[in-house]
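This report concerns only the one structure given below.
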Amino acid sequence: MTGILYWGDLGADVSRSMQHLWNAGHVAYFALLAYLLLSVKRIARLSQAMRWVMVLSLTLLFGVLIEVSQIGTRRTPDVLDILRDMTGSLLVLAFHASSPSWKTLQWGLRGLRVLLVIILLIMLKPLMISLLDESIAKVQFPVLADFSTPFEMNRWEGDAARSRLRLTALNERNAMLVKLTSRRYSGVHLKYFPGDWRDYRMLILTLYNPQPKAMRVTCRIHDARHVEGVQRYSDRFNQTYTIQPGLSSIEIDLEVVALAPRARRMDLAKIKGLGIFASSPDTPGAVYIQEVRLE
Numbered sequence: 003m004t005g006i007l008y009w010g011d012l013g014a015d016v017s018r019s020m021q022h023l024w025n026a027g028h029v030a031y032f033a034l035l036a037y038l039l040l041s042v043k044r045i046a047r048l049s050q051a052m053r054w055v056m057v058l059s060l061t062l063l064f065g066v067l068i069e070v071s072q073i074g075t076r077r078t079p080d081v082l083d084i085l086r087d088m089t090g091s092l093l094v095l096a097f098h099a100s101s102p103s104w105k106t107l108q109w110g111l112r113g114l115r116v117l118l119v120i121i122l123l124i125m126l127k128p129l130m131i132s133l134l135d136e137s138i139a140k141v142q143f144p145v146l147a148d149f150s151t152p153f154e155m156n157r158w159e160g161d162a163a164r165s166r167l168r169l170t171a172l173n174e175r176n177a178m179l180v181k182l183t184s185r186r187y188s189g190v191h192l193k194y195f196p197g198d199w200r201d202y203r204m205l206i207l208t209l210y211n212p213q214p215k216a217m218r219v220t221c222r223i224h225d226a227r228h229v230e231g232v233q234r235y236s237d238r239f240n241q242t243y244t245i246q247p248g249l250s251s252i253e254i255d256l257e258v259v260a261l262a263p264r265a266r267r268m269d270l271a272k273i274k275g276l277g278i279f280a281s282s283p284d285t286p287g288a289v290y291i292q293e294v295r296l297e
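If you're matching positions, the sequence shown starts at 3 in the numbering used here and goes up one per residue.
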């Protein structure tokens with residue numbers, strides 16, 4: 003089991019919820035480790051204070067070794083993983099500890115238990131949100147995003163600042179405001195969504211340009227095989243569109259998307275990413291994304 007924490011790799015095809023579950027596994031693993039350490043006779047014979055020192059010291063040592071060992075591998079060292087390790091051990095220590103004789107220490111132990119439960123809930127929050135949004139996404143499909151719930155914002159990544167707003171100009175419908183920077187390729191990427199598009203023929207993007215002049219945005223689409231390879235420009239769909247002021251709709255033929263890679267056919271059963279960005283903006287601008295759907 004320790005080997006999984008050292009070398010495990012979830013790969014690029016993993017869901018958000020599995021990623022968050024993987025992170026929560028650090029808490030569970032070190033909680034179990036702390037429980038087993040407290041069962042060792044040599045440690046069990048120590049005073050309660052020394053048991054805490056011993057278990058927490060070993061937790062910190064093992065946690066640091068696990069993160070350091072990931073340097074140069076496909077895994078990335080994460081200081082937050084060490085915090086998760088310590089939380090797991092502290093949970094077992096706090097709830098396993100006998101009640102101190104001093105009333106002040108009793109209240110301190112109770113306070114620590116409450117604090118650790120709160121920290122645990124905070125750590126589990128991303129997992130709960132991702133599970134909820136993945137369920138919502140399945141119900142919404144073939145709509146990939148319409149921002150009817152705040153959880154949809156977690157489906158998107160990118161360097162551009164983004165926020166969910168309700169606009170009068172869009173008949174009081176929700177939309178995502180994307181504040182583009184002057185950097186090249188500034189924009190957002192829809193990363194988490196149902197990726198089997200085989201039963202559909204069109205991708206439709208509904209955008210709102212709040213500026214008084216037209217703007218150009220590029221749409222990028224790629225599949226799982228593109229992610230696994232060297233990610234060449236010629237191995238994905240890239241198309242630039244002019245967005246006039248006001249509400250616009252971009253319709254993209256999925257057959258054109260499938261034929262976009264130069265040396266192969268894109269796998270519409272395993273679409274992995276959709277990007278919307280400005281190729282070379284002269285000045286910072288903004289665009290609202292109202293809806294992304296398949297037809």
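Glycine is no exception: its CB is placed at the ideal position from the N, C-alpha and C atoms. Source: prediction; values computed, not measured.
Put TRP9 into one of helix, strand or coil per three-state DSSP. Low confidence applies to TRP9: its pLDDT is 46, below 50, so where it sits in the model is not reliable enough to give any reading.
Return the CA-CA distance between LYS215 and GLN246, expressed in angstroms with no decimal places. A straight-line Cα-Cα distance of about 7 Å links LYS215 and GLN246.
Are the beta-carbon atoms belonging to VAL66 and LEU95 less than 8 Å from one another? Contact flag unset, no.
Straight-line gap, ALA162 to TRP109 (C-alpha atoms, nearest Å): If you draw a straight line from the Cα of ALA162 to the Cα of TRP109, it is about 47 Å long.
From the DSSP secondary-structure annotation, give me the bridge partner or partners of ASN211. Answer is GLY248.
Which term fits TRP104, buried or exposed, when burial requires 16 or more other beta carbons within 10 angstroms of its beta carbon? Counting Cβ neighbours within 10 Å, TRP104 comes out exposed, since fewer than 16 surround it.
Whole angstroms is fine: what's the gap from ARG112's alpha carbon to ASP83's? A straight line joining the alpha-carbon of ARG112 with that of ASP83 spans about 25 Å.
Leaving aside the five residues before and after ASP269 along the sequence, list all residues of the same chain whose C-beta is less than 7 Å from its C-beta, in chain order. A distance below 7 Å between beta-carbons, with the five flanking residues on each side excluded, links ASP269 to the following residues of its chain, in chain order: ASP225, ALA226, ARG227.
Whole-angstrom distance between ALA26 and LEU38, CA atom to CA atom: Cα to Cα, the separation comes out at about 19 Å.
On the CB-based measure, 16 or more other CB atoms within 10 Å of its CB, does SER91 come out buried or exposed? When all chains shown are included, SER91 counts as buried.
Report yes or no: do three or more beta-carbon pairs, one from the segment 274–282 and one from the segment 189–205, lie closer than 8 Å? Result yes; three or more Cβ-Cβ pairs closer than 8 Å.
Opposing strand residues paired with MET178 [DSSP bridges]: For MET178, which the question treats as bridged, DSSP gives the partners ARG166, ILE291.
Tell me the rounded alpha-carbon separation between ILE138 and GLY231. Approximately 31 Å, taken between the alpha carbons.
Here's a check: name, in chain order, each residue in its chain whose Cβ is nearer than 6 Å to the Cβ of SER165, leaving out the five neighbours to either side. The answer, listed in chain order, is LEU179.
Pick from LEU169, GLU257, ILE68: whose alpha carbon is nearest that of ILE291? Of the listed residues, the one whose Cα sits closest to ILE291 is LEU169.
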